[in-house]
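Chemist:
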Amino acid sequence: MKEEIINGIAYKLPESLSGFQQQLYVHLINWKWKNITREEGIYKKKVKGITREYKYDAILPESVHTKYPLIYPPILSDLLSHKEKFPFKLHQHFNHMVSSQAANVNLFLPILLNPKVNEIFHELKSDFKSLATDQLYKGLRIEFWDSNSSDEKGMLGDHSARSGTDSDIAIAYYNNNNELCLWLIEHKLTEKEFTDCGGYKSDNRDDKIHLCEKSFSDILMNKKLCYYHDVRKFNYWKITEANKSFFVNHEKIYSCSFKGGMNQLWRNQLLGLALENEGLYKHVCFSVVHHPGNNDLEDSINSYKDLIDNNPKFSTLTSSDIINAASKSGDDKLGEWINWYKELYNI
0 MKEEIINGIA YKLPESLSGF QQQLYVHLIN WKWKNITREE GIYKKKVKGI TREYKYDAIL
60 PESVHTKYPL IYPPILSDLL SHKEKFPFKL HQHFNHMVSS QAANVNLFLP ILLNPKVNEI
120 FHELKSDFKS LATDQLYKGL RIEFWDSNSS DEKGMLGDHS ARSGTDSDIA IAYYNNNNEL
180 CLWLIEHKLT EKEFTDCGGY KSDNRDDKIH LCEKSFSDIL MNKKLCYYHD VRKFNYWKIT
240 EANKSFFVNH EKIYSCSFKG GMNQLWRNQL LGLALENEGL YKHVCFSVVH HPGNNDLEDS
300 INSYKDLIDN NPKFSTLTSS DIINAASKSG DDKLGEWINW YKELYNI
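Numbering of the sequence shown is given in numbering that gives the first Met the number 0, commencing with residue 0 and proceeding in unit increments.
#1: Find the nearest neighbour of S62 within the set I49, E39, I119, judged by alpha-carbon distance.
#2: Rounded to whole angstroms, how far is the Cβ of D165 from the Cβ of F143, which I believe are closer than 8 Å?
#3: Does the stretch 303–319 come within contact of the stretch 268–285, defined as at least 3 CB pairs closer than 8 Å?
#4: For K82, report the span of its alpha helix (DSSP H) as first-last.
#5: Taking only three categories from DSSP, how would you classify R231?
#6: Quick one: what's got a C-beta closer than 8 Å to K128's C-beta in the same chain, skipping five residues either side?
#7: Fully enclosed by the stretch 132–183, which beta strand (DSSP E) runs are 3 residues long or longer?
#8: Examine the Cβ distances between the stretch 236–246 and the stretch 268–278 and report whether three or more of them are shorter than 8 Å.
#9: Does the distance from the C-beta atom of L12 to that of V97 stay below 8 Å?
#10: Going by beta carbon distance, what residues of the same chain come within less than 6 Å of I110, once the five residues before and after it are set aside?
#11: Let me check understanding here. Comparing Cα to Cα, which of F246, K82, K43, E83 lies closest to H92?
#12: Which residue wins for smallest C-alpha separation from S302, given the options E342, K223, L219, Q263?
#13: Give me the residue from G138, K33, R51 with the minimum Cα distance to P68.
#14: Per DSSP, what are the beta-bridge partners of C284 in this structure?
#15: Can you check the stretch 3–43 for any beta strand (DSSP E) of at least 3 residues that lies completely inside it and give the ranges in chain order?
#16: What is the rounded straight-line gap between the Cα of N147 and the Cα of F87?
#17: Between which two residues does the alpha helix (DSSP H) holding K341 run?
#18: Run through DSSP, which three-state label would T194 get?
#19: Between D195, M220, Y227, D217, which lies nearest to D205 when the distance is taken from Cα to Cα?
#20: Is the beta carbon of D77 sitting closer than 8 Å to the one on L108?
#21: To which residues of the same chain is Y53 closer than 6 Å at the C-beta, ignoring the five residues directly before and after it?
#22: Mapping DSSP to helix, strand and coil, what is K237?
#23: Near L224, what residues of its chain come up, given a Cβ to Cβ distance below 7 Å and the 5 sequence neighbours on each side ignored?
This is the structure in structure tokens:
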């Protein structure tokens, strides 16, 4: 933690923030002070077996957690109903002003619960005819990781109470041919990078057996080269092999394609491909939605697009794209939400 004076005001901030991150952090802290509380929040970190506490201005204090002050008030009851029907984990930093999970809920639920949802999403996605409100929770599901599978580890075999592949939101819809489809979305607010490969960093990885420097083709030929396959028994490379043609330009990359930031994109895409193969959804696509000021993700996004040769099953949008589509509806309730959202997230 560092204390920095900005425009004559002292802020308790994390270290090593980019210019964009610091700008949005300061804006969100000011919003918190004006609309919620000036009380600092506590971040607990264990160092050499000792738990230390650090005070940060961007973290919400425990005294307000049960009030969900970061969630747009008109959608709170549906969020809680969804959580009761389809339990999901609140992220460790959900009560942080820069929480991507909270920002994701605030961006999508006001539209998905609005009567004009179909025209708005058709503007964003040309094959979107109507929200499948008979599926999931009113057509959506937060932290989606499975289908109707009874396997508690999910289709990728990696899900547990603490970890696993989740799409921030899944939207079920009927396309122009009245086929049931699914749209998986990963939402990023201030992150500099996507979640990278935990297997590569694992203390249990044997660097004489699990050779991350091997190529995509090498690993497909001998999947035990990957710690996640050999030790954790995840299905990543099995599904990749079944969909090898999707990763058409893999020969351009000489070590494991998924050691860095592309890892999270790959896993979400694999979830979509596995769901298509299961047959419940005719088409499953995957998108990344990010804050329009966050350009730090571009390298991983562009590398992934090149890997899959710009396959349309993957796409990117900004939160401004979503808001602009909603604004065309002329709906008064959405107009109130748009003003609230843009003020909160400095758009």
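Using N, Cα and C, we set each Cβ at its ideal position, and we do this for glycine too. Keep in mind the model is a prediction, meaning the values are calculated, not measured.
Modeler: According to the data block:
#1: What you label residue 62 is simply residue 63 of the sequence shown in a count that begins at 1. Taking S62 as reference, the option from I49, E39, I119 with the minimal CA-CA separation is E39.
#2: Reading the sequence shown from its first residue, position 166 is the one you call residue 165. Reading the sequence shown from its first residue, position 144 is the one you call residue 143. Yes, they are in contact, since the Cβ atoms of D165 and F143 sit about 7 Å apart, within 8 Å.
#3: Judged by Cβ distances under 8 Å, the stretch 303–319 makes contact with the stretch 268–285, as three or more pairs qualify.
#4: What you label residue 82 is simply residue 83 of the sequence shown in a count that begins at 1. 75–84 is the extent of the alpha helix (DSSP H) around K82.
#5: Residue mapping note: residue 231 aligns to position 232 of the sequence shown, counting from 1. Here R231 sits in coil by DSSP.
#6: Counting from 1 along the sequence shown, the entry for residue 128 is found at position 129. For K128, where only same-chain residues beyond five positions count, the Cβ hits under 8 Å are N117, H121, Y172, Y173, N174, N175, N177.
#7: Those beta strand (DSSP E) runs which fall completely within the stretch 132–183 and span 3+ residues are 139–143, 166–174.
#8: They touch, by the three-pair rule.
#9: For the purposes of this step, residue 12 is taken as residue 13 along the sequence shown, with counting starting at 1. For the purposes of this step, residue 97 is taken as residue 98 along the sequence shown, with counting starting at 1. No.
#10: Position 111 of the sequence shown, counting from 1, holds the residue named residue 110. Taken in chain order, the residues that qualify are V116, I119, A325.
#11: Working through the sequence shown from its first residue, we reach residue 92 at position 93. Ranking the options by Cα distance to H92, first place goes to K43.
#12: By one-based count along the sequence shown, residue 302 stands at place 303. Just measuring C-alpha positions, the residue of E342, K223, L219, Q263 sitting nearest S302 is Q263.
#13: One-based indexing of the sequence shown puts residue 68 at position 69. Closest option to P68, Cα to Cα, is K33.
#14: Here residue 284 corresponds to residue number 285 of the sequence shown, with the count starting at 1. Beta-bridge pairing links C284 to W182.
#15: With a minimum length of 3 residues, the unbroken runs of beta strand (DSSP E) contained wholly in the stretch 3–43 fall at 8–12.
#16: Walking along the sequence shown from the start, residue 147 turns up at place 148. Walking along the sequence shown from the start, residue 87 turns up at place 88. Any reading at N147 must be qualified, since the residue scores a pLDDT of 48, below 50, and its modelled position is unreliable; no value is offered.
#17: In the sequence shown, counting from the first residue as 1, residue 341 sits at position 342. Where K341 is concerned, the enclosing alpha helix (DSSP H) stretches over 331–344.
#18: For this step, residue 194 is matched to residue 195 along the sequence shown. In the displayed model, T194 falls within coil according to three-state DSSP, outside both helix and strand.
#19: Along the sequence shown, read from residue 1 onward, the residue named residue 205 stands at position 206. When only C-alpha atoms are compared, the closest one is Y227.
#20: Your numbering for residue 77 matches position 78 in the sequence shown. Your numbering for residue 108 matches position 109 in the sequence shown. Going by C-beta atoms, D77 is nearer than 8 Å to L108.
#21: Walking along the sequence shown from the start, residue 53 turns up at place 54. The residues are M0, Y42.
#22: Within the sequence shown, residue 237 is the residue found at index 238, counting from 1. Helix, per DSSP.
#23: On the sequence shown, position 225 is the one that residue 224 refers to. Correct list, in chain order: H209, L210, K213, D217, I218.
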